[in-house]
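Student: If you read the protein sequences in the order shown, they are chains L and P. Residues are numbered in the working numbering as their position in the first sequence, beginning at 1, plus a constant of 282. Residues are numbered in the working numbering as their position in the second sequence, beginning at 1, plus a constant of 282. Glycine included, each C-beta is placed from N, C-alpha and C at the ideal position. The structure that follows is given in the form of structure tokens.
Number of protein chains: 2
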Amino acid sequence: MDRNHLRYRLAALDFLEEEDWSLLDRLLERHQFATPGEIVVLEKQELKLTRVILSGWGFRFRSLPDGRRQILNFLVPGDVVGYYATVIARSDCGVEALTDMEYAVFPASDLVEVSRTNPRLMLALGWIAGQSERILDEQITRIGSRNARIRMAHMLVELYVRLRKAGLDRDQSSALPVTQAILADALGMSAVHANRTFRSLAAQGWISREHGAIRLEDIRKLSAIASFDHDYLDHGEVPPPTLGAIEDALSPD
Amino acid sequence: MDRNHLRYRLAALDFLEEEDWSLLDRLLERHQFATPGEIVVLEKQELKLTRVILSGWGFRFRSLPDGRRQILNFLVPGDVVGYYATVIARSDCGVEALTDMEYAVFPASDLVEVSRTNPRLMLALGWIAGQSERILDEQITRIGSRNARIRMAHMLVELYVRLRKAGLDRDQSSALPVTQAILADALGMSAVHANRTFRSLAAQGWISREHGAIRLEDIRKLSAIASFDHDYLDHGEVPPPTLGAIEDALSPD
DNA sequence: GCGGTGCATTAACATATGTTGCGTGCCCAC
DNA sequence: GTGGGCACGCAACATATGTTAATGCACCGC
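Laid out in structure tokens, this is it:
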């Protein structure tokens with residue numbers, strides 16, 4: 283399991299040193315497992331743990347008074363859950379596994395020490411957190427201002443792209459382990475309408491279903507109708523000036 | 283201007299020391315101003331600055347291909363914009379002022395040093411960032427799974443609560459400087475429908491308009507129909523166990 | 001083989017929301 | 001004052017989406 287996807291994603295940043303990597307390894311020592319449908323984190327739970335998804339899929343969600351639920355975002359390998367748990371004690375959202383899932387757990391307060399001893403690593407983890415926030419922005423835009431077809435296409439492409447960035451190859455990342463009901467919860471629409479929308483996209487041959495999963499058949503077409511911005515998750519490759527600034531800030535050490 | 287609202291909000295955390303406060307003051311030394319309607323941050327702009335709202339209102343938004351825009355969240359005094367700018371160079375959303383606004387600006391890379399020298403302060407700022415993320419979660423839930431009336435009521439109450447927590451008194455915080463068009467952009471609905479919804483709430487006497495602003499007349503009723511969770515922004519008062527953990531993590535200093 | 005159970009599909013109908021277009025009142029610059 | 005711009009109000013109609021309810025189909029345990 284040493285080839286975890288967080289490592290892969292962080293490598294793109296290209297400024298971590300040997301000691302950062304080894305501290306990261308120690309941080310991620312303790313692993314836990316979950317099976318499909320398992321609730322990993324309960325809502326409204328006192329929570330002082332940070333988790334890192336190592337393999338498999340899940341999602342963060344909130345339940346509504348009327349029994350429905352809203353999926354806030356999906357979790358893929360390399361994602362961090364509970365980054366702020368040190369300062370925000372209660373978790374307001376639950377986490378559920380979609381597939382078999384392996385994740386690392388450590389006390390959130392460890393991050394306080396990390397920030398003191400290895401600011402570079404902390405910065406790198408902050409980068410991951412920042413990406414999540416950007417994904418939330420995108421989710422808001424998707425739900426708030428697009429119709430069902432575009433919403434669904436956009437969501438599917440985003441998941442595909444995130445998986446590829448997490449290091450999964452084309453074939454692994456074009457079969458998404460989500461049911462239409464899950465998609466409906468994520469996109470804020472009824473299951474029936476999700477099905478209508480799904481069939482409409484499937485009729486054009488852009489997606490298809492296989493078992494309880496969805497296969498992307500034509501990612502270009504999907505990106506096109508959703509006017510998906512392929513750059514939007516790309517800012518990982520920190521450009522030289524910024525990297526310089528980091529070194530400057532660190533150098534008076 | 284020494285009584286800035288970030289200071290007020292951070293005071294609730296109750297673990298910052300004298301040196302943290304003075305570093306914060308130095309960080310927020312440089313102020314800038316904006317007038318209503320002014321674009322403070324352009325979309326898709328290289329951005330290596332972090333900003334802290336000191337007074338006034340604004341919002342983060344994204345433009346859509348068809349000319350509409352989605353408001354991601356509102357900014358009130360004490361909010362931080364561009365917390366991750368060190369690692370995520372490009373800003374994907376713009377920031378616009380709603381009222382006269384004063385804000386502090388500093389290079390995002392300063393935060394790297396803060397995290398090394400004053401992890402407590404960094405933690406405190408992370409708490410602010412964590413609250414913003416929670417607000418995004420709420421925005422997703424609001425847009426994704428509630429009808430127009432509830433969405434609007436919920437949003438209005440949230441703004442009211444956030445203002446009060448930022449230190450504004452009841453009267454200042456029950457008049458919100460937003461037009462119905464702004465609300466529509468925030469709630470992901472058409473301006474006409476926002477107006478319908480507004481009038482429906484106004485007909486019950488729960489809100490009213492005054493000039494270009496909205497006055498909340500009955501916050502209890504609004505909270506009730508929106509089943510607004512008054513705790514959800516409350517986790518600021520870090521409970522003893524967590525605070526203990528922070529001290530533990532810091533003590534081997 | 002049988003009967004579940006979970007997911008997908010479909011139809012008919014109800015409702016929420018979007019669109020277009022026009023009218024009103026207010027404030028402000030000239 | 002007056003003309004223009006802006007926020008708001010409103011009606012009629014078009015459309016997207018929700019609801020309910022029933023059906024089919026695969027998989028699985030027994």
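Is the CB of L:Ile321 under 8 Å away from at least one CB in chain P?
Tutor: Here residue 321 of chain L refers to the residue found at position 39 when the first sequence is read from its first residue. Answer no: the Cβ-Cβ gap between L:Ile321 and chain P never drops below 8 Å.
Student: Would you verify that the beta carbon of P:Ile425 is, or is not, closer than 8 Å to some beta carbon of chain L?
Tutor: Position 143 of the second sequence holds residue 425 of chain P. Yes, P:Ile425 counts as interfacial toward chain L.
Student: Given that a residue counts as buried once 16 or more other Cβ atoms are within 10 Å of its Cβ, and exposed if not, what is L:Val439?
Tutor: Stepping through the first sequence from its first residue, residue 439 of chain L is reached at position 157. So L:Val439 counts as buried.
Student: When the cut-off is 8 Å and only beta carbons count, does P:Tyr514 lie next to chain L?
Tutor: In the second sequence, the residue the question calls residue 514 of chain P occupies position 232. It does; some Cβ of chain L falls within 8 Å.
Student: I need the DSSP call for L:Glu519, collapsed to helix, strand or coil.
Tutor: Locating residue 519 of chain L in the first sequence gives position 237, where the first residue counts as 1. Note that L:Glu519 has pLDDT 46, beneath the 50 cutoff, so the model's placement of it is unreliable and the number below is only indicative. Correct three-state label for L:Glu519: coil.
Student: For P:Leu445 and L:Leu515, what's the separation of their Cα atoms in angstroms?
Tutor: Locating residue 445 of chain P in the second sequence gives position 163, counting from the first residue. Locating residue 515 of chain L in the first sequence gives position 233, counting from the first residue. Each residue's alpha carbon lies about 32 Å from the other.
Student: Check whether the segment 329-346 of chain P touches the segment 376-394 of chain L, counting contact only when three or more Cβ pairs, one atom from each stretch, lie closer than 8 Å.
Tutor: Too few Cβ pairs lie closer than 8 Å, so no.
Student: Return the first residue and the last residue of the beta strand (DSSP E) that L:Leu357 is part of.
Tutor: The residue labelled residue 357 of chain L in the question sits at position 75 within the first sequence. Note, L:Leu357: beta strand (DSSP E), 351-357.
Student: Using a cut-off of 7 Å between C-beta atoms, extract the partners of L:Met404 located in chain P.
Tutor: To locate residue 404 of chain L, count along the first sequence from 1; it is residue 122. Near L:Met404 (Cβ distances below 7 Å), the residues of chain P are Ser397.
Student: Determine the closest residue to L:Glu492 out of L:Leu458, L:Ile507, L:Val362, with distance taken between C-alpha atoms.
Tutor: Numbered from 1 along the first sequence, position 210 holds the residue referred to as residue 492 of chain L. Among L:Leu458, L:Ile507, L:Val362, the Cα nearest to that of L:Glu492 is on L:Leu458.
Student: Which same chain residues, not among the five before or five after P:Ala367, have their C-beta less than 8 Å away from its C-beta?
Tutor: Residue numbering aside, residue 367 of chain P sits at position 85 when the second sequence is read from its first letter. Answer for P:Ala367: Leu329, Lys330, Leu331, Thr332, Ser373, Ala390, listed in chain order.
Student: Taking Cβ-Cβ distances shorter than 8 Å, what residues in chain P pair up with L:Ser505?
Tutor: Position 223 of the first sequence, counting from 1, holds the residue named residue 505 of chain L. Near L:Ser505 there are no residues of chain P at all, since even the closest Cβ is about 13 Å away, more than 8 Å.
Student: Of the choices L:Leu306, L:Ser345, L:Asp307, L:Ala495, whose alpha-carbon is the least far from that of L:Pro318?
Tutor: Sequence index remark: in the first sequence, residue 318 of chain L carries index 36 (1-based). Cα-wise, what sits closest to L:Pro318 is L:Ala495.
Student: Three-state secondary structure (DSSP) at P:Gly526?
Tutor: Residue mapping note: residue 526 of chain P aligns to position 244 of the second sequence, counting from 1. The predicted model places P:Gly526 with a pLDDT of 48, which falls under 50 and marks its position as unreliable, so this point remains unresolved.
Student: Excluding the 5 residues flanking L:Ala506 on each side, which residues of the same chain have their C-beta closer than 6 Å to its C-beta?
Tutor: One-based indexing of the first sequence puts residue 506 of chain L at position 224. Taken in chain order, the list of residues that qualify is empty.
Student: Is there a C-beta anywhere in chain P that falls below 8 Å from the one on L:Ile422?
Tutor: Along the first sequence, read from residue 1 onward, the residue named residue 422 of chain L stands at position 140. Cβ-Cβ to chain P under 8 Å: yes for L:Ile422.
Student: Go to L:Pro401, then tell me how far its alpha helix (DSSP H) extends in each direction, as first and last residue.
Tutor: By 1-based counting over the first sequence, the position of residue 401 of chain L is 119. Run containing L:Pro401: 401-427, per the alpha helix (DSSP H) assignment.
Student: Given 8 Å as the limit, is there contact between the segment 310-317 of chain L and the segment 404-412 of chain L, that is, 3 or more CB pairs closer than that?
Tutor: No contact exists between the segment 310-317 of chain L and the segment 404-412 of chain L.
Student: Classify P:Val369 as helix, strand or coil using the three-state DSSP reduction.
Tutor: Translated into the one-based positions of the second sequence, residue 369 of chain P becomes position 87. It is coil, neither helix nor strand.
Student: Hey, does P:Ser472 have any beta-carbon neighbour from chain L nearer than 8 Å?
Tutor: Here residue 472 of chain P refers to the residue found at position 190 when the second sequence is read from its first residue. By this cut-off, P:Ser472 is not an interface position.
Student: List the whole-angstrom C-beta distance separating P:Asn355 from P:Leu418, where the pair is believed to meet the contact cut-off of C-beta under 8 Å.
Tutor: Position 73 of the second sequence, counted from the first residue, corresponds to residue 355 of chain P. Position 136 of the second sequence, counted from the first residue, corresponds to residue 418 of chain P. Correct: roughly 6 Å between the Cβ atoms.
Student: Can you check whether the C-beta of P:Ile370 is within less than 8 Å of a C-beta belonging to chain L?
Tutor: Locating residue 370 of chain P in the second sequence gives position 88, counting from the first residue. Judged by the 8 Å Cβ criterion, P:Ile370 is in contact with chain L.
Student: Have a look at the DSSP bridge pairing and note the partners of L:Val363.
Tutor: Here residue 363 of chain L corresponds to residue number 81 of the first sequence, with the count starting at 1. Answer is L:Arg333, bridged to L:Val363.
Student: Using a Cβ-Cβ cutoff of less than 8 Å, which residues in the same chain neighbour P:Val394 once the five nearest sequence positions on both sides are dropped?
Tutor: Working through the second sequence from its first residue, we reach residue 394 of chain P at position 112. Only Thr368 meet the Cβ criterion.
Student: Distance cutoff 8 Å, beta carbons only. Does P:Tyr290 sit that close to anything in chain L?
Tutor: Locating residue 290 of chain P in the second sequence gives position 8, where the first residue counts as 1. Taking Cβ atoms only, chain L never reaches closer than 8 Å to P:Tyr290, which makes this a no.
Student: Could you check if P:Ala485 is buried or exposed, using at least 16 other CB atoms within 10 Å of its CB as the buried criterion?
Tutor: Here residue 485 of chain P corresponds to residue number 203 of the second sequence, with the count starting at 1. By the neighbour-count rule (16 or more Cβ atoms within 10 Å), P:Ala485 is not buried but exposed.
Student: For the segment 480-521 of chain P, list the beta strand (DSSP E) runs that are entirely contained and at least 3 residues long, ordered along the chain.
Tutor: Runs found: 489-492, 495-498.
Student: Buried or exposed: where does P:Pro401 fall if 16 or more other Cβ atoms within 10 Å of its Cβ makes it buried?
Tutor: In the second sequence, the residue the question calls residue 401 of chain P occupies position 119. Buried is the call here.
Student: Taking C-beta to C-beta, are L:Phe341 and L:Leu357 nearer than 8 Å?
Tutor: As a first step, residue 341 of chain L must be located in the first sequence, where it is residue number 59. As a first step, residue 357 of chain L must be located in the first sequence, where it is residue number 75. Cβ atoms of L:Phe341 and L:Leu357: closer than 8 Å.
Student: How big is the Cα-Cα spacing for L:Leu525 and P:Asp392?
Tutor: Numbered from its first residue, the first sequence carries residue 525 of chain L at position 243. Numbered from its first residue, the second sequence carries residue 392 of chain P at position 110. For L:Leu525, the pLDDT reaches just 47, beneath the cut-off of 50, and the residue's location in the model is therefore unreliable, leaving the point undetermined.
Student: Find the residues of chain L that neighbour P:Trp409, judging by a C-beta separation of less than 8 Å, and give them in chain order.
Tutor: Looking up residue 409 of chain P in the second sequence gives position 127. In chain order: Tyr366, Val369, Ile370.
Student: Leaving out five residues before and five after L:Arg433 in sequence, what residues of the same chain have Cβ atoms less than 6 Å from its Cβ?
Tutor: The count along the first sequence starts at 1 and reaches residue 433 of chain L at position 151. If we look at L:Arg433 and ignore the five residues flanking it on each side, its Cβ neighbours are Arg424, Leu469.
Student: Nearest to L:Ala476 by CA position, among L:Ala406, L:Gly487, L:Ala430, is which residue?
Tutor: Position 194 of the first sequence holds residue 476 of chain L. Here the closest residue by C-alpha is L:Ala430.
Student: Using a C-beta to C-beta distance shorter than 8 Å, which residues of chain L count as neighbours of P:Asp382?
Tutor: Along the second sequence, one-based indexing puts residue 382 of chain P at 100. Here the premise fails: no neighbours, minimum Cβ distance about 26 Å.
Student: Pick helix, strand or coil for P:Ser455, following the three-state DSSP scheme.
Tutor: Indexing the second sequence from 1 puts residue 455 of chain P at position 173. It is helical.
Student: Residues in the same chain with beta-carbon distance under 7 Å from L:Gln352, minus the five sequence neighbours each way, listed in chain order, please.
Tutor: The residue given as residue 352 of chain L occupies position 70 in the first sequence. Taken in chain order, the residues that qualify are Phe343, Arg344, Leu346, Asp467, Gly470.
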